[in-house]
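Here the structure is laid out as structure tokens; the discussion comes afterwards.
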Amino acid sequence: MQKENLSTLINEIKENIVSGMKKYNIPGMSVGIISKEGIIWAEGFGFVGRNKTREVDSDTLFWIGSLAKAYTATAFLLAVQDGLVDLDDPLIKYYPEFNWNTRFGEKEREKITLQHLLTHRSGL
10 MQKENLSTLI NEIKENIVSG MKKYNIPGMS VGIISKEGII WAEGFGFVGR
60 NKTREVDSDT LFWIGSLAKA YTATAFLLAV QDGLVDLDDP LIKYYPEFNW
110 NTRFGEKERE KITLQHLLTH RSGL
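Take the sequence shown: its position 2, counting from 1, is numbered 11 in my numbering, and each next residue is one higher.
Structure (structure tokens):
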């Protein structure tokens with residue numbers, strides 16, 4: 010993307026962020042555009058919390074709660090897409106130190122696959 014097109018895009022994004030924050034009563038957020046080469050643009054908007062004592066910047070950390078599951082699944086599926094892992098591989102192939110005490114016996118840990126973990130069916 011050419012520099013002037015990128016600049017126009019970023020300005021449009023900023024306008025949408027500001028209007029969206031007002032519309033949905035969002036006190037603050039940090040937004041960025043990332044490519045394979047690294048961070049193209051990152052900026053903070055608004056404040057951390059509703060007390061408005063600290064402004065958000067591009068390095069502000071936010072509690073993301075259950076979204077971590079979606080990010081982890083996305084990262085795993087990108088690794089699958091790139092041929093780095095297979096969802097049907099057992100967990101111990103990548104994490105041989107994995108130890109799970111179970112009443113079903115030692116061999117059961119060898120049956121847990123990456124897919125089991127990602128779909129929350131591992132029994133852990």
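Glycine included, each C-beta is placed from N, C-alpha and C at the ideal position.
Identity of the residue in the options nearest residue i by Cα
i, options, result
"asparagine 14", "Tyr33, Lys31 and Ile49", "Ile49"
"leucine 96", "Glu106, Tyr104 and Phe85", "Phe85"
"tyrosine 103", "Glu117, Ile121 and Asp91", "Ile121"
"lysine 78", "Asn20, Lys61, Ile26 and Thr128", "Thr128"
Sub-8 angstroms separation of residue i and residue j beta-carbons
i, j, result
"proline 36", "glycine 58", "yes"
"leucine 123", "leucine 87", "no"
"threonine 69", "serine 39", "yes"
Between the CA atoms of residue j and residue i - distance to the nearest angstrom
i, j, result
"leucine 76", "threonine 83", "11 angstroms"
"isoleucine 42", "serine 16", "12 angstroms"
"aspartate 66", "phenylalanine 56", "9 angstroms"
"glutamine 11", "serine 44", "14 angstroms"
"leucine 18", "valine 94", "35 angstroms"
"lysine 23", "lysine 32", "14 angstroms"
Bounding residues of the beta strand (DSSP E) (the contiguous stretch that carries residue i)
i, result
"glutamate 52", "47-55"
"valine 40", "37-44"
Opening and closing residue of the alpha helix (DSSP H) in which residue i lies
i, result
"glycine 29", "12-32"
"isoleucine 101", "100-103"
Cβ distance (whole Å) where residue i is taken to contact residue j below 8 angstroms
i, j, result
"leucine 133", "tryptophan 109", "7 angstroms"
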